[in-house]
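What follows is a set of notes on a single structure, which appears directly below.
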Amino acid sequence: MAYIYVPLFFSFLAYGVTYLMASDVIDMAVNLVSLISADKAPDFSNENNSIFVKDAVEVVEEDGVQTVKRADVGMADYGDLYAYVRCTRIALDAPVYYGDDDAILKKGVGQDFASSQPGFGRLIVLCAHNNMYFNALKNIEIGDIVEIETSYGTYSYEIKETKILNENDSSAFDYAIDHEQLVMYTCYPFDMLAHTPNRFFVYADLISGPVFVD
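Just so we're aligned, residue 0 is where the sequence shown starts under numbering that gives the first Met the number 0, counting upward by one.
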């Protein structure tokens with residue numbers, strides 16, 4: 000019987016090892032096909048649901064302080080393109096949509112809808128795919144300046160820290176933070192098409208931008 004069971008055991012073992020080794024490759028291939036298939040191709044059009052109008056709101060500067068009337072600040076609805084996020088040094092330039100579902104992440108950078116728009120003194124959380132709009136984050140450095148341009152002015156943030164955390168790490172950011180902080184994150188490692196359990200986080204603090212006045 001050993002002549003039957005031993006070869007069978009090693010055959011099943013070989014098949015199992017082969018499957019485990021190939022599973023990541025299969026996942027990558029499936030994700031690649033999903034990205035390039037005609038009906039699921041990324042939508043590079045930035046016109047849909049756009050409320051972004053460059054310099055639409057008057058920004059007044061006096062004694063080095065920029066102000067904008069609170070009543071003129073438009074609030075984005077879910078799915079709206081309302082801003083652009085940029086970092087010149089790493090060639091980051093992408094549209095920002097309010098919301099972060101799959102459809103939005105095919106068109107640009109998504110914003111956690113529980114976080115705030117720039118200028119409100121609260122947490123701003125942006126995310127995007129690591130092989131698309133946030134691929135440039137792999138070159139980000141402490142001290143870099145990231146700008147978010149809105150219809151009511153441009154807000155600048157200085158990079159203070161980067162971290163690699165598990166996707167389920169609840170300490171990644173704090174909605175109750177007492178100052179305006181920009182958090183950007185994407186899947187890690189970069190350029191992977193398969194699912195990864197880790198995320199690359201970038202933390203930046205507000206350094207300039209219009210202040211709301213009544």
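Idealized CB from N, CA, C, for every residue including glycine. Predicted model only: the values in this text are computed from it and were never measured.
Suppose contacts are defined by Cβ-Cβ distances below 8 Å. Is residue i in contact with residue j by that definition?
i: R204; j: Y156; result: A quick correction: the sequence has Asp, not Arg, at residue 204. Contact: yes.
i: F119; j: A82; result: no
i: I141; j: K162; result: no
i: L136; j: M183; result: yes
i: A127; j: T185; result: yes
i: R88; j: V212; result: no
i: V56; j: S150; result: yes
i: Q110; j: L91; result: no
i: Q181; j: V145; result: Per the sequence shown, residue 181 should be read as Leu rather than Gln. Contact: yes.
i: C86; j: D173; result: no
i: A171; j: F200; result: yes
i: V67; j: G152; result: yes
i: A75; j: Q116; result: yes
Under a Cβ-count criterion, where at least 16 other Cβ atoms within 10 Å of its own Cβ denotes burial, should residue i be classed as buried or exposed?
i: N165; result: exposed
i: I139; result: buried
i: K53; result: exposed
i: K39; result: Note on K39: pLDDT 39, under 50, position unreliable in the model; no value is reported.
i: D79; result: buried
i: S114; result: buried
i: A28; result: Model confidence at A28 stands at a pLDDT of 41, short of 50, so the residue's coordinates are unreliable; what they give is reported in the following sentence. By the 10 Å Cβ count, A28 comes out exposed.
i: E61; result: exposed
Using the three-state DSSP reduction, which class does residue i fall into: helix, strand or coil?
i: A93; result: strand
i: A102; result: helix
i: N30; result: Model confidence at N30 stands at a pLDDT of 41, short of 50, so the residue's coordinates are unreliable; what they give is reported in the following sentence. Helix.
i: A70; result: helix
i: R121; result: coil
i: T195; result: coil
i: S207; result: strand
i: A40; result: Residue placement at A40 cannot be trusted, given a pLDDT of 44 that sits under 50; what the coordinates show is reported in the next sentence. Of the three classes helix, strand and coil, the one that applies to A40 here is coil, per DSSP.
Among residues of its own chain, excluding the 5 on either side of residue i, which ones have a beta-carbon nearer than 8 Å to its beta-carbon?
i: V64; result: V210
i: F112; result: Y77, Y97, G98 and D99
By Cβ distance below 6 Å, which residues in the same chain neighbour residue i in space, the five residues on each side in sequence not counted?
i: A93; result: V84, G107, V108 and Y132
i: N130; result: D190
i: S207; result: S155
i: D177; result: none
i: D71; result: V56
Would you say residue i touches the ligand SAM, meaning its beta carbon is less than 7 Å from a heavy atom?
i: T149; result: Among the ligands in the structure shown, none appear at all, so the ligand SAM cannot be discussed.
Within its chain, find whatever has a CB closer than 7 Å to the CB of residue i; leave out the 5 residues flanking it on each side and keep chain order.
i: P196; result: N165 and E166
i: N48; result: G78, D79 and L80
Quiz prompt | 4 or more residues per run - each alpha helix (DSSP H) lying fully within the stretch 129-164 | solution = None, since the stretch 129-164 contains no complete alpha helix (DSSP H) of that length.
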